[in-house]
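These notes concern the structure reproduced below.
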Amino acid sequence: MAEETETTVQYVVPGSQREFPSSFPGSMLLGMESELGIMPAQAGTRGSEVTACLDLLNSYANAYPKLPSWCYAAETPLRDIFMGDLDRRVADPSQLTDYDPTLDLDPNVDMEAELAKLDLPLAPCGGHQESAAQRPALRSNVVTTNGGRFYVDHAHPEVSTPECWTVPALIQEHQKMLSMVREAQALAGNRWRLFGNNVDGKGSTWGHHENYRISREVDFGDLAALFAGHLVSRQVYCGAGRLGVGSAGAVKNFQISQRADYVECLTGLQTTFNRPLINTRDEAHDDASKWRRLHVIVGDFNQVDYSTYLRVGSTSLVLWALERRCLRGLTLEDEGMALVDAVLEVQKISHDTTLTASVELRGGQSVTALELAGDYLQMVAEELASFEAELNNSASVDSLNAAQTLKERWLNSAQRQSVQQFMADWEQVLVDLGRDLWSAADRVEWVAKYQLLERARQRYQSDWSDPRLFALDLAWADLNPQSSPALKLAARGSFRPVPGMSEENLLGSDLSWRAQVRSALVENPVVSEVGWAVVRVGNLVLSLLSAGLEQYPLDFWRSASPTELVQALVPYQNQLVELSI
């Protein structure tokens, strides 16, 4: 490494450190993945779902040919928290997400010819470094300029955000990913309609997943048992709403959640069949000796950002509080929020738009979803009070400001204010849902959609089987702002803004430093592939979990030579850092 570059490791780059440790509320690393619905924009458009997805993605990749491809080197999708590594020979094909899915295309189908029928110009692409002869004609994924991922997954286009430290930053990055998808849609000649939903009303469902970094010290069995009740109860304030009950929508009625009818078991590794309420895939995307990535697969895609704010904000704080309780040695019997049958209850709650249905707790009590949600709110409030009491009894000095204790800096911090703001918002929406359902329509998506469809039903003087209502339900999820009632309402200011979403409140440090480094590596011409925790330079895969990553400024990662990258990063080895994507 050049002499002047070596001197840069003597300082910590501004924005690369979080203000407070991960044990503080509001300090959890977050991410989001969204599969999208896709269909032809015009009747008669040829092509399968796979063709449509490849058309969309390659239209985007051809417009930005220098975007690196995804690096699969560190991925181990068959690792289960309880069972260890599943034998690849018995795994369902949908679980094998550790290689390029274009390799599975039917060899008897000339996919390039199929795409040529759509007049898609297939320019060679696939990263900076490869020659045209080395690059695949078709791409199934690209790493985006913000450090996220745009790819084809199970015959759906999918986008994943980079890792974020705050809920507003996560929502902002999610919207950036959707903007890229809309650009791809235009580049593909608007041949395809795209939808932010989770069901087709004919029995199929696809995912919108949340990711939360949690401590590996916590007993996952205890955490899962206590966490299940939150997943059941949170539907009432963050469900996206759906017309149709049952996986195929056979019962013509409105329900709260799109995903509830597809939950079939409590825990499991799988995500596309026999879907669990709590996914046990052990893919840390991080140092797996310290962290787990809790992969939540039962949430709905929200067109209303405020519902996303409620969903991710509540879940991150509930997990923070449960971590504290589990680390103090509290067992399942110490809590009154464990459900008798969480799988049954998640569907019962979703089917009850009156919010009066009760769930059975292991302690023998029956409570409504709103009451159970209130219990989780109270639990978080108690842990926040306990946390600040611990700070009062601590004389620890702030490592960033020796003249100030950590307690003093926390009490005056914007992070504490945002946590307090969220707690007030969470409590208020529960109060409003219990008092007057329609009063929550400016924050809770299923209520807003239900209100729109109910008014249309009364106007049509019909029952819930009216096909015009199903068309309106589908239109709600359209990602075209000119077609979606939800996005039109948002543009008119009908939904409350997410606190802290203004540009001046969102800092670069709201992205993890690794996400910022990944974003910078996208611009480096020597990089051919990037992953969540690895980067490929030539034939060498390097770990982005290397110690001292934060000591180099972003400009270093944008322009570093292969030699400099090798000196700054250690080679990826399974035995060095037990990664589990």
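So the sequence shown is numbered by the UniProt record's numbering: it starts at 1 and just counts up by one.
Built from N, CA and C at the ideal position, the CB exists for glycine as well.
request  = Flag this pair as touching only if the segment 31-50 and the segment 150-166 have three or more C-beta atom pairs under 8 Å; answer yes or no.
outcome  = Between the segment 31-50 and the segment 150-166 there are three or more C-beta pairs closer than 8 Å, enough to call the two in contact.
task = Report yes or no: do the segment 365-384 and the segment 233-242 share at least 3 C-beta pairs separated by less than 8 Å?
result = yes
inquiry  = Excluding the 5 residues flanking H156 on each side, which residues of the same chain have their C-beta closer than 8 Å to its C-beta?
reply    = E35, L36, G37, I38, E49, C53 and W206
task = Measuring alpha carbon to alpha carbon, tell me which of R281, D55, D432 and A381 ends up nearest Q420.
result = A381
ask   = Opposite S462 in the DSSP bridges: which residues?
value = S462 is not bridged by DSSP to any residue.
First through last residue of the beta strand (DSSP E) which encompasses G374 = Counting along the chain, G374 falls outside any beta strand (DSSP E), though it belongs to the alpha helix (DSSP H) covering A369 to N392.
inquiry  = On a Cα-Cα basis, can you pick out the residue from R79, G189 and W70 that is closest to A41?
reply    = G189
Uninterrupted beta strand (DSSP E) stretches inside the segment 255-280 (no shorter than 3 residues) = Counting whole runs of 3 or more residues, the segment 255-280 contains the beta strand (DSSP E) stretches 265-268 and 276-279.
query = Roughly how many whole angstroms lie between the Cα atoms of D375 and P562?
reply = Rounded to the nearest angstrom, the gap between the Cα atoms of D375 and P562 is 54 Å.
From A475, V535, H285 and R328, residue whose alpha carbon lies closest to that of D222 = R328
ask   = Cβ of S140 within 9 Å of Cβ of L56?
value = no
inquiry  = Cutting at 6 Å between CB atoms, please list the residues of its own chain near V251, excluding the five before and the five after it.
reply    = V245
message = With H, G and I counted as helix, E and B as strand and the rest as coil, what does DSSP make of P157?
response = strand
key: Distance CB(G500)-CB(P168) smaller than 9 Å   = yes
inquiry  = Going by DSSP, what residue range makes up the alpha helix (DSSP H) through Y60?
reply    = Taken as a continuous stretch (DSSP letters only), the alpha helix (DSSP H) holding Y60 covers E49 to A63.
request  = Keeping to the same chain, check which residues put their C-beta closer than 8 Å to that of W438; ignore five residues upstream and five downstream.
outcome  = V447 and Q451
query = Taking buried to mean at least 16 other C-beta atoms within 10 Å of its own C-beta, is R455 buried or exposed?
reply = Within 10 angstroms of the beta-carbon of R455 lie fewer than 16 other beta-carbons, which makes it exposed.
query = With distances taken from CA atoms, which of K66, E383 and R514 is nearest L545?
reply = R514
Beta-ladder partner(s) of T205, from DSSP = In the DSSP output, where bridge partners are listed per residue, T205 has V199.
ask   = Using CA coordinates, which residue listed in A73, M379 and R409 is at the minimum distance from L319?
value = M379
ask   = What number of angstroms, rounded off, separates the C-alpha of V181 from the C-alpha of G363?
value = So the two alpha carbons sit approximately 47 Å from each other.
ask   = Any idea what DSSP makes of N536, helix, strand or coil?
value = Correcting the residue type first, residue 536 is Arg in the shown sequence and not Asn. R536 sits in a strand when the DSSP states are folded into three classes.
inquiry  = Assuming contact is defined by CB atoms lying nearer than 9 Å, are V444 and V343 in contact in what I supplied?
reply    = no
task = Would you kindly report the start and end of the unbroken beta strand (DSSP E) that includes G37?
result = G37 to P40
request  = Using beta-carbon positions only, say whether L384 and P25 come within less than 9 Å of one another.
outcome  = yes
request  = Write down the C-beta distance between D287 and R259 rounded to the nearest angstrom, noting that I regard them as a contact closer than 8 Å.
outcome  = About 31 Å separates the two Cβ atoms, so there is no contact after all.
task = Whole angstroms is fine: what's the gap from F195's alpha carbon to D466's?
result = 21 Å
task = Would you mind giving the Cβ-Cβ distance between R213 and M337, rounded to the nearest angstrom? I have them listed as a contact below 8 Å.
result = Incorrect: roughly 23 Å between the Cβ atoms, too far for contact.
query = What separation, rounded to the nearest whole angstrom, lies between the Cα atoms of P481 and A490?
reply = Rounded to whole angstroms, P481 to A490 spans 9 Å at the Cα level.
query = G363 bridges to which residues according to DSSP?
reply = BP columns for G363 are empty, so no partner.
request  = Count the other CB atoms, across all protein chains shown, that sit within 10 Å of the CB of L565; report buried if there are 16 or more and exposed otherwise.
outcome  = Under this definition L565 is a buried residue.
query = To the nearest angstrom, how far is it from the Cα of Q185 to the Cα of E523?
reply = 24 Å
ask   = What does a CB cutoff of less than 6 Å around Q255 pick up in its chain, not counting 5 residues either side in sequence?
value = R242, V245, S350 and H351
key: 7 Å Cβ shell around H285 - same chain, five flanking residues per side excluded   = R293, W532, A533 and I581
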